[in-house]
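Numbering (our numbering), first residue to last: 2 to 291. Only one structure is covered here, and it is reproduced in the block below.
See below:
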């Protein structure tokens, strides 16, 4: 390993340990921003979706995340090529929510967030802000312990991605192929601020609708999920369909709801091929057969 890589790994470990002292659970990342340790179940897709570290081996992404300095050192020792670290979102005590304001899509994500704030009457509080090598920003917010904010890409607005439960943020001090993540001046000393309630409502999945059934095979249990998909706007269609399909398979009614979900997706403008591919992905993610 080159000297510069060893130095980057040493710095990443130091930053990760510092973050852990603040109650933030961390994992080592490679220069590509992906978890540095590969899954021990990479040759078994079924087990890869079901094992969250119960096997006792490293390589389970955010499920490896820890605030224990001994475990963190073990993780980095197992990944000496790591040049960064990820901070797991949604975990106590902070229940971190990351608002990723991207610049790659050509949209003004900061302006989009300001527009949302004006429309929904909330203000982004002073909080930790991390600057990305591409010119974007990560805003750190905290959520209540009883609210699991899902990950999303562009659902809130174009160019705004959300890192919630099961996701992670690249920590400041991490070095990637495109540069180094840094804390914005004047924010390093801050604690992550509480997510404004109005913004939190936008980030959480809507409650299950109670409309009468519109598909004979959906049944009462799955009708809310079908309506959830039907209510999707452009930019939300795949995300909503994937979320609904995951819930159906987790509840054991996936096979019965494939047709109703496909019909609902077609009504929102997705093609049948897109809909079935998304539902199949949800089945694999939950360890079920589509």
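Backbone N, C-alpha and C define an ideal beta-carbon position, used for all residues, glycine too.
Taken through DSSP and simplified to helix, strand or coil, residue 238 comes out as helix.
Residue pairing by DSSP leaves residue 244 without any beta bridge partner. Under the three-state reduction of DSSP, residue 158 is assigned to strand. For residue 37, same chain residues with a beta-carbon under 7 Å away, outside a window of 5 residues either side, are 29, 30, 31, 80, 82, 83 in chain order. Burial of residue 239 is indicated by the presence of at least 16 other C-beta atoms within 10 angstroms of its C-beta. Note that the stretch 92 to 109 touches the stretch 156 to 168; at least 3 beta-carbon pairs, one per stretch, sit closer than 8 Å. Beta-bridge analysis with DSSP links residue 163 to 100, 153. Residue 172 is a Cβ neighbour of residue 87, given a cutoff of 8 Å.
The way I'd put it, the stretch 110 to 128 doesn't touch the stretch 64 to 77; fewer than three beta-carbon pairs between them come closer than 8 Å. The beta-carbon separation of residue 242 and residue 267, rounded to 11 Å, does not stay under the 8 Å limit for a contact. For residue 266, the enclosing alpha helix (DSSP H) starts and ends at 255 to 269. DSSP, read as helix, strand or coil, puts residue 179 in coil. Residue pairing of residue 132 in beta bridges, as defined by DSSP: 138, 183. According to the DSSP assignment, residue 89 belongs to the beta strand (DSSP E) that extends over 85 to 89.
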